[in-house]
Amino acid sequence: SDQLPTYPEDKYILLDDIVLTHSLFLPTEKFLQELHHFVRAGGVEGREGLGRKQACLAMLLHFLDTFQGLLQEEEGAGHIIKDLYLLIMKDESLYQDLREDTLRLHQLVETVELKIPEDSQPPSKQVKPLFRHFRRIDSCLQTRVAFRGSDEIFCRVYMPDHSYVTIRSRLSASVQDILGSVTEKLQYSEEPAEREESLILVAVASSGEKVLLQPTEDCVFTTLGINSHLFACTRDSYEALVPLPEEIQVSPGDTEIHRVEPEDVANHLTAFHWELFRCVHEVGTEGGRGWVGAWRRKRSRWFPSSLPLTSKFIKIAAICKQNQDLLSFYAVVMGLDNAAVSRLRLTWEKLPGKFKNLFRKFENLTDPCRNHKSYREVISKMKPPVIPFVPLILKDLTFLHEGSKTLVDGLVNVEKLHSVAEKVRTIRRYRSRPLCLDMEASPHHLQTKAYVRQFQVIDNQNLLFELSYKLEANSQ
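1 is the number of the first residue of the sequence shown in the UniProt record's numbering; add one for each residue after it.
Okay, structure coming up:
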């Protein structure tokens, strides 16, 4: 949550550390059970009982503030929260100094109604298309909102002959769930005894690379790469799987990029990435991280797909940096550093000197040497709003988690939890102020917005080299 309760700084930091990182040592439901046990351990009466309730009230308030957008997925946690709420509110009259907090707790618990009664019908849910499969202008122009694991989507699953079925599935669905839906669509389930071999699910990239997905894997849709598609087949037909024809053919050149101004592209990139960045929950599940790599790869692949507009892309990178959108900035620079682009000696020689010098500075900024020292120095001086290079945050979190033990001699490693929480708080700080861009409503505003939000890209490095060699057959 962006609006957090006020406590003395040291107490708030400790409280925040525990709430943000408890899942490293206790699942959410178990964490709440321990909190419930803490309240009742010393009895609920008397001064000690009151102190325990007050401490629990502070913890529960902060927990609900932080997790309220995710708790609909935690049915078991919901029951414990309501039990805690009733236990705390039993002596509401004793909390004269905490009237605002108890009122706020009541409001939060009402907001986080976690379980629909079994005798009632669930509210109708909007089923969203998996965007890469259904490119609709009206969809891409809508403001992005955070997905939940229970959200339902439409998705195409292809057969070896490139026919497909469209299934409706939860975003968090497992491979087994997806295959069940495909099987039902294909009407295999009518006579299962006649089926000699069950289906397997395979992710096929445009390069032809195949990844066999295991039945227990979940959140599959969030991990699909650019221009990758799901295929259902038998094990006998696995080797015969090939990418869709449109993924292995060089499409006509991108003409839209010639029309749009660098400022418009950069600003729309920043606005879109800000929407996506705002959707990332501080304590979200791993399945929600898929957009980070996918969008970075998509942006960095789009630039070499649109050769040879090198100077325009350098301008776009400069404006993204000025916008403090370092995710887009990195994507542009990495795209121009792609081997299929960097080999174009004649193209780079024709570039004006000022653009060459500017790009060298950009390369220095994105240089990973000394643990991305240049980048870290630059971003440390930026004030919110900032869109960071998110993969580096994930790398830092992974290093913190895997580089030290969570439990030491049976006790929680508080230093590790504090370090992890500090890294998460940087995300909160980057988003602590709204993004304000000066974007004039030009006649082509919506057209440019749609263009930026549904780039057509080539992620097959071999095809990129084919294009590169057509421009310059030999750069020796």
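Backbone N, C-alpha and C fix where the C-beta goes; we use that ideal spot for every residue, glycine too.
*Can you grab the Cα-Cα spacing for the pair I458 / V260, in whole Å?*
Looking at the two C-alpha atoms, the distance is approximately 20 Å.
*Do you know whose CA, among L71, S380 and N474, lies nearest T111's CA?*
If we check each option's Cα against that of T111, L71 comes out closest.
*Please check the pair E256 and Y451, which I expect to be a contact at CB under 8 Å, by giving their CB distance rounded to whole angstroms.*
Between Y451 and E256 the Cβ distance is about 5 Å, and since that is below 8 Å, they are a contact.
_As assigned by DSSP and simplified to three states, the class of F455_ = Of the three classes helix, strand and coil, the one that applies to F455 here is coil, per DSSP.
*With which residues is V242 paired in a DSSP beta bridge?*
DSSP output for V242 lists no bridge partner at all.
_Secondary structure of L307, DSSP reduced to three states_ = Bear in mind that a pLDDT of 43 at L307, under 50, signals an unreliable position, so the number given afterwards is only what the model happens to contain. In this structure, L307 counts as coil in the three-state DSSP scheme.
*Do V204 and L212 have their C-beta atoms closer together than 7 Å?*
Taking a C-beta distance under 7 Å as the contact criterion, V204 and L212 do not qualify as a contact pair.
*Which residue comes first and which comes last in the alpha helix (DSSP H) that contains I427?*
Element bounds for I427: V414 to Y430.
*Work out the CA separation of F231 and I178 for me, nearest whole Å.*
So the two alpha carbons sit approximately 11 Å from each other.
*Given a threshold of 16 other Cβ atoms within 10 Å of its Cβ, counted over all protein chains shown, does A473 qualify as buried or as exposed?*
By the 10 Å Cβ count, A473 comes out exposed.
*asked:* In this structure, how does DSSP classify L464 when only helix, strand and coil are distinguished?
replied: Three-state result, L464: helix.
*With a cut-off of 8 Å, do at least 3 Cβ pairs link the segment 12-24 to the segment 403-422?*
Pairwise C-beta distances place the segment 12-24 in contact with the segment 403-422, as three or more of them are shorter than 8 Å.
_Whole-angstrom distance between E466 and N371, CA atom to CA atom_ = Taking the Cα positions, N371 is about 34 Å away from E466.
*Rounded C-alpha distance that separates A317 from E263*: Across the structure, A317 and E263 are spaced so that their CA atoms are roughly 10 Å apart.
_Environment of K470 [buried if 16+ CB atoms lie within 10 Å]_ = A residue is called buried when at least 16 other Cβ atoms come within 10 angstroms of its Cβ; K470 does not meet this threshold and is exposed.
*Roughly how many angstroms separate the alpha carbons of L344 and G78, rounded to a whole number?*
Those two C-alpha atoms are separated by around 59 Å.
*Roughly how many angstroms lie between the CA atoms of W274 and L326, to the nearest whole one?*
About 11 Å.
*At which residues does the beta strand (DSSP E) containing V204 begin and terminate?*
Looking at the DSSP string, the run of the beta strand (DSSP E) that includes V204 is I200 to V204.
*In terms of alpha-carbon separation, which member of I88, D161 and G149 lies closest to S169?*
With distances taken between Cα atoms, S169 lies closest to G149.
*Quick one: Cα of S328 to Cα of L407, how far?*
So the two alpha carbons sit approximately 38 Å from each other.
*On a CA-only basis, which of L64, V242 and D337 is nearest G208? Give me that one, please.*
Nearest of L64, V242 and D337 to G208, Cα basis: V242.
*From which residue to which residue does the beta strand (DSSP E) around F231 run?*
That run of the beta strand (DSSP E) goes H229 to C233.
*asked:* Count Cβ pairs between the segment 379-399 and the segment 429-441 that sit closer than 8 Å; are there 3 or more?
replied: Taking 8 Å as the limit for Cβ pairs, the verdict is that the segment 429-441 does touch the segment 379-399.
*Just the C-alpha distance for V182 and F455, rounded to the nearest angstrom, thanks.*
For V182 and F455, the distance between alpha carbons rounds to 29 Å.
*Measure how close the beta-carbons of F313 and V332 come, nearest whole angstrom, since I'm counting them as under 8 Å.*
With a Cβ gap of about 6 Å, F313 and V332 count as contacting.
_Between C320 and A266, how many whole angstroms is the CB-CB distance? I'm expecting something under 8 Å._
Separation of the CB atoms of C320 and A266 is rounded to 5 Å, and the pair is thereby assigned contact status at 8 Å.
*Just how far apart, CA to CA, sit R360 and S163?*
The alpha-carbon separation between R360 and S163 amounts to approximately 47 Å.
*CB-CB under 6 Å to V414, same chain, minus the five flanking residues each way: which ones, in chain order?*
Spatial neighbours of V414 in its own chain (CB-CB distance under 6 Å, excluding positions within 5 residues in sequence) are not present.
*At what residues does the beta strand (DSSP E) containing I153 begin and finish?*
I153 -> beta strand (DSSP E) spans E152 to Y158.
_For H258 and Y158, which I take to be in contact (beta-carbon distance under 8 Å), what is that distance rounded to the nearest angstrom?_
Not a contact, Cβ separation roughly 34 Å.
*asked:* Using C-beta distances below 6 Å, list every residue in its chain close to N323, excluding the 5 sequence neighbours before and after it, in chain order.
replied: Counting only Cβ-Cβ distances below 6 Å, and skipping sequence neighbours, we find T270.
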